[in-house]
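First residue of the sequence shown: 228, per this note's numbering; consecutive thereafter.
Below is one structure, written out as structure tokens; comments come after it.
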Amino acid sequence: MVKEKVQPHCVVCSKPFKRNDMVHTDTMFTQIQHVKCFIYKPEFIKDTGNYEQIVNKYPNYKRNFIVSEKPITNLVVVSALKISKNYR
């Protein structure tokens with residue numbers, strides 16, 4: 228159970244989501260990815276909208292995720308993802 232809200236980021240580009248970023252959710256893992264970053268086939272798109280709309284539409288997202296125009300960017304997770312991409 229998440230006690231504090233978290234600032235989610237795109238699993239592909241590692242950038243935190245801003246309020247008006249266009250995103251897709253997928254049918255397999257229920258991830259959120261930027262529309263331009265979506266790595267699965269189009270038939271796996273569950274929903275599309277801006278990040279704020281998607282978060283507000285799904286209770287699990289709304290309960291746990293921050294919606295902001297100025298997302299937190301100095302996350303340990305984002306830094307770790309950038310480092311791991313350099314080692315691939």
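Where a beta carbon is used, it is the ideal one built from N, C-alpha and C, also for glycine.
- Going by C-alpha positions, LYS242 is about 14 Å away from VAL294.
- Annotated three-state conformation of ILE259 is strand, per DSSP.
- Taking C-beta atoms as the reference points, ASP248 and HIS261 count as a pair closer than 7 Å.
- In this structure, DSSP gives PRO298 a state outside helix and strand, which the three-state scheme calls coil.
- In the three-state reduction of the DSSP assignment, ASN247 falls in the coil class, being assigned neither a helical nor a strand state.
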